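Each protein sequence line maps, in turn, to chains A and B.
FYI, the numbering for the first sequence is 1 to 214, going by my numbering.
FYI, the numbering for the second sequence is 1001 to 1213, going by my numbering.
Using N, Cα and C, we set each Cβ at its ideal position, and we do this for glycine too.
The structure displayed is predicted, hence computed values, not measured ones.
Presented below is the structure to which this report refers.
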Amino acid sequence: MDGPHDLGGKEGFGPIDVEAPGFRHDWERRQWALSKTIDIPGVMIDNWRATMETMPPAAYLALPYFAKWNFNDLVQLIARGVFTADEAVAGHVERPAPAAPPRDLDAMLARLRTTCRSFARPATSPARFAVGDTVRTLRHPVPGHTRLPAYARSRSGTVIAHHGAHIFADKGAEGAEVPEHLYTVSFTAPELWGSGDPRDTVTLDLWEPYLAAP
Amino acid sequence: MPHDHPDHATAADLHRHLQSHMPSDPALRVKALESLVVERGLVARETLDAWIELYSEKVGPMRGARVVARSWLDEGFRARLFANAAEVVEEMGFHGHGTGHLQAVANTADTHNLIVCTLCSCYPFGLLGMSPIWYRSTAYRARAVCEPRAVLAEFGVTLGPDVAVRVWDSTAELRYLVVPERPPGTEGFSEDQLAALVTRNAMIGTDRDLKVA
């Protein structure tokens, strides 16, 4: 989706606040904990990202990071029927459920380890490209979620790694687990930007449906 | 469409509705979400406290620093790290969010690596802890890919004329760890002493020449 989240190469942003810490406010820590300890039934990361991208553009650019996570968790939980939009606005559910049992630090460390997941899946077709191949990205007029950023469309690059097949994000956003070959593709700065040091490169991890032979 | 993957229009409608009806203070919105999920029995408040404690006490850049320091001391470890960083990190018990397809990339005399996620803010949280605010800022996400040398200069990193920049945009589920060069003057240092020199920014690529205290 050509939304406000697709920021690579966009101009007009100021200097970077290089001293910024991980959190500025307690509510940010709280939201981080909420997002990582609630199991939203059936959620896939690609769908979570896709719903984030539907946030109104002005809000996306203006809201702090964890304020966006907060809105997006609310959207996911309402859409999946965990509570209603009216309950969200009220800040309380009408009919509470039995309380969840509290978990301690050791349980959280164990939980963290279970979040290490593999997105690799058996390939359903042979790979079309190999390391060393020149490939060209599609212009890719995508109406939905995609992980091919606008700045890297219709560009030629070199395959520098092949990772087998991984769950294809564009379909994962719709809840489907479709394996596609995943490649790391290196682009020179002049190819991407029309200028820049020819030795500099930007490298992206791209699924096969984004790529064509040159 | 309850209980299903929300489609584009449903999600967009919900975002607009919530933004016009929820309190304007983000702290109050987070409090509302907490009340909703606690009342729904999805999580206990003590569990949230424990998660916050985990990330302030046990998970953070010290994990990545340990990996980097060991790679400077043990050639076999280093070779395995660059061949399969995810496996090495799991052996050390440092696995978690974003480490399942971890890739280690090495800085050398003529190559500097810089990590970004232009589309969201992907980060190897389980290995490096919470990302710094600048990493998830719109400015860093916009600029790191198109003017990495200017971005590096803002962090005080000036590259020599013979150093190429390799920017890694984390567009799939691979996550990246920059392995900086071992600083001179550290011969005979222990793993603990070396790990103490490794900064979080060096493992993202916004720091380069590590300083020996």
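| said: Alpha carbons only, please: which of A:His163, A:Pro96, A:Phe129 and A:Leu112 is nearest the one belonging to glycine 1098 of chain B? | reply: For the purposes of this step, residue 1098 of chain B is identified with residue 98 of the second sequence, where counting begins at 1. Of the candidates A:His163, A:Pro96, A:Phe129 and A:Leu112, the one whose C-alpha sits nearest the C-alpha of glycine 1098 of chain B is A:Leu112.
| request: Consider the Cβ of glutamate 78 of chain A: report whether some Cβ of chain B lies at a distance smaller than 8 Å. | output: In the first sequence, counting from the first residue as 1, residue 78 of chain A sits at position 78. This sequence places isoleucine at residue 78 of chain A; glutamate is not what is there. Yes, contact with chain B.
| Members of the segment 128-141 of chain A that neighbour chain B once the beta carbon cut-off is set at 8 Å | none
| query | Three-state secondary structure (DSSP) at valine 1105 of chain B? | reply | As a working mapping, residue 1105 of chain B is identified with position 105 in the second sequence. Strand at valine 1105 of chain B.
| task | Evaluate the contact criterion for the segment 26-45 of chain A versus the segment 1047-1065 of chain B: three or more CB pairs, one atom per stretch, below 8 Å. | result | yes
| field | Range covered by the alpha helix (DSSP H) that runs through tryptophan 193 of chain A | value | Here the question's residue 193 of chain A lines up with position 193 in the first sequence. From DSSP, the alpha helix (DSSP H) with tryptophan 193 of chain A extends over 189-193.
| field | Enclosing beta strand (DSSP E) for alanine 1164 of chain B [first to last residue] | value | Here residue 1164 of chain B refers to the residue found at position 164 of the second sequence. Counting along the chain, the beta strand (DSSP E) containing alanine 1164 of chain B begins and ends at 1164-1169.
| field | chain B residues whose Cβ lies nearer than 9 Å to that of glutamate 174 of chain A | value | Counting from one through the first sequence, the residue named residue 174 of chain A turns up at place 174. Chain B residues near glutamate 174 of chain A: His1005 and Asp1007.
| request: Could you have a look at leucine 1014 of chain B and say whether DSSP puts it in helix, strand or coil? | output: For the purposes of this step, residue 1014 of chain B is identified with residue 14 of the second sequence, where counting begins at 1. Leucine 1014 of chain B: helix per DSSP, three-state reduction.
| field | Contact set between lysine 10 of chain A and chain B, taken where Cβ atoms lie within less than 7 Å | value | Translated into the one-based positions of the first sequence, residue 10 of chain A becomes position 10. Under the 7 Å cutoff, chain B gives Ala1142.
| Is glycine 157 of chain A helix, strand or coil when you go by DSSP? | Residue 157 of chain A sits at position 157 when you count from the first residue of the first sequence. Here glycine 157 of chain A sits in strand by DSSP.
| task | Output the residue ranges of the alpha helix (DSSP H) runs that lie fully inside the segment 78-107 of chain A and measure 4 residues or longer, sorted by chain position. | result | 85-90
| query | Can the beta-carbon of serine 1131 of chain B be found closer than 8 Å to that of glycine 22 of chain A? | reply | Residue 1131 of chain B sits at position 131 when you count from the first residue of the second sequence. Residue 22 of chain A sits at position 22 when you count from the first residue of the first sequence. Cβ distance < 8 Å, so serine 1131 of chain B and glycine 22 of chain A count as in contact.
| So alanine 1086 of chain B and histidine 1101 of chain B are in contact, right, with Cβ under 8 Å, and what is the actual spacing, rounded? | Numbered from its first residue, the second sequence carries residue 1086 of chain B at position 86. Numbered from its first residue, the second sequence carries residue 1101 of chain B at position 101. 6 Å between Cβ atoms; contact.
| query | Going along the segment 1136-1160 of chain B in order, which residues come within less than 9 Å of chain A, judged by CB to CB distance? | reply | Arg1136, Ser1137, Thr1138, Ala1139, Tyr1140, Arg1141, Ala1142, Arg1143, Ala1144, Val1145, Cys1146, Glu1147, Pro1148, Arg1149, Val1151, Glu1154, Phe1155 and Gly1156
| Residues, ordered as in the chain, of the segment 144-156 of chain A that lie near chain C by beta-carbon distance below 7 Å | Absence of chain C from the displayed structure is noted, the protein chains being A and B.
| request: Give the DSSP-derived three-state secondary structure of glycine 1156 of chain B in the structure shown. | output: If you number the second sequence from 1, residue 1156 of chain B lands on position 156. Glycine 1156 of chain B: coil per DSSP, three-state reduction.
| In terms of residue numbering, what span does the alpha helix (DSSP H) encompassing arginine 1143 of chain B cover? | Taking the first residue of the second sequence as 1, we reach residue 1143 of chain B at position 143. Run containing arginine 1143 of chain B: 1138-1143, per the alpha helix (DSSP H) assignment.
| In angstroms, rounded to a whole number, what distance separates the CA positions of leucine 1159 of chain B and arginine 1149 of chain B? | Numbered from its first residue, the second sequence carries residue 1159 of chain B at position 159. Numbered from its first residue, the second sequence carries residue 1149 of chain B at position 149. Going by the C-alpha atoms only, they are around 8 Å apart.
| query | How would you list, in chain order, the residues of chain A whose beta-carbon sits under 7 Å from the beta-carbon of proline 973 of chain B? | reply | The question about residue 973 of chain B has no answer here: the residues shown for chain B are numbered 1001 through 1213.
| field | Buried or exposed (CB count within 10 angstroms, at least 16 for buried), threonine 114 of chain A | value | By 1-based counting over the first sequence, the position of residue 114 of chain A is 114. That one is exposed.
| said: With H, G and I counted as helix, E and B as strand and the rest as coil, what does DSSP make of proline 1148 of chain B? | reply: One-based indexing of the second sequence puts residue 1148 of chain B at position 148. In this structure, proline 1148 of chain B counts as helix in the three-state DSSP scheme.
| request: Look at valine 1178 of chain B and asparagine 1107 of chain B and say whether their C-beta atoms are less than 8 Å apart. | output: In the second sequence, residue 1178 of chain B corresponds to position 178, counting from 1. In the second sequence, residue 1107 of chain B corresponds to position 107, counting from 1. Closer than 8 Å, so yes.
| Range covered by the beta strand (DSSP E) that runs through isoleucine 1115 of chain B | In the second sequence, residue 1115 of chain B corresponds to position 115, counting from 1. Start and end: 1111-1116.
| Of the listed residues A:Gly194, A:Trp193, A:Leu148 and A:Lys171, nearest to tyrosine 183 of chain A (C-alpha basis) | Taking the first sequence and counting its residues from 1, one reaches residue 183 of chain A at position 183. Nearest option by C-alpha distance: A:Leu148.
| Any Cβ of chain A within less than 8 Å of the Cβ of serine 1024 of chain B? | For this step, residue 1024 of chain B is matched to residue 24 along the second sequence. It does not; no Cβ of chain A falls within 8 Å.
| task | In angstroms with no decimal places, state the Cα-to-Cα distance between proline 1002 of chain B and alanine 1011 of chain B. | result | Within the second sequence, numbered from 1, the residue matching residue 1002 of chain B stands at position 2. Within the second sequence, numbered from 1, the residue matching residue 1011 of chain B stands at position 11. Because the pLDDT of proline 1002 of chain B is 43, which lies under 50, any placement of that residue in the model is unreliable, and the question is left without a value.
| query | For phenylalanine 119 of chain A, which option in A:His181, A:Ala85, A:Pro96 and A:Gln76 has the closest C-alpha, if you only look at C-alpha atoms? | reply | In the first sequence, the residue the question calls residue 119 of chain A occupies position 119. Measuring from the Cα of phenylalanine 119 of chain A, the nearest candidate turns out to be A:His181.
| message | Please confirm whether glutamate 1091 of chain B has its beta-carbon closer than 8 Å to some beta-carbon of chain A. | response | Looking up residue 1091 of chain B in the second sequence gives position 91. No, its Cβ sits nowhere closer than 8 Å to a Cβ of chain A.
| If the cut is a Cβ gap below 7 Å, which residues of chain B does proline 57 of chain A touch? | Within the first sequence, numbered from 1, the residue matching residue 57 of chain A stands at position 57. Within chain B, no residue comes near proline 57 of chain A; the closest Cβ sits about 11 Å away, beyond 7 Å.
| message | Quick check on alanine 20 of chain A: does DSSP put it in helix, strand or coil? | response | Position 20 of the first sequence, counted from the first residue, corresponds to residue 20 of chain A. The answer is coil: DSSP assigns alanine 20 of chain A none of H, G, I, E or B.
| query | Secondary structure at tyrosine 1123 of chain B, three-state DSSP: helix, strand or coil? | reply | As a position in the second sequence, residue 1123 of chain B is number 123, starting the count at 1. It is coil, neither helix nor strand.
| said: Counting only Cβ pairs nearer than 8 Å, list the residues of chain A close to threonine 1010 of chain B. | reply: Position 10 of the second sequence, counting from 1, holds the residue named residue 1010 of chain B. Ordered by position in chain A, the residues that pass the 8 Å Cβ test against threonine 1010 of chain B are Ala79.
| field | C-beta neighbour in chain B for glycine 211 of chain A, strict 8 Å | value | If you number the first sequence from 1, residue 211 of chain A lands on position 211. The question names glycine, but residue 211 of chain A is leucine in the sequence shown. No, leucine 211 of chain A lies away from the interface with chain B (no Cβ there is under 8 Å from its Cβ).
| said: Could you check whether threonine 54 of chain A and histidine 1015 of chain B sit closer than 8 Å to each other, using their CB atoms as the reference points? | reply: Along the second sequence, one-based indexing puts residue 1015 of chain B at 15. Along the first sequence, one-based indexing puts residue 54 of chain A at 54. A contact, by the Cβ cut-off of 8 Å.
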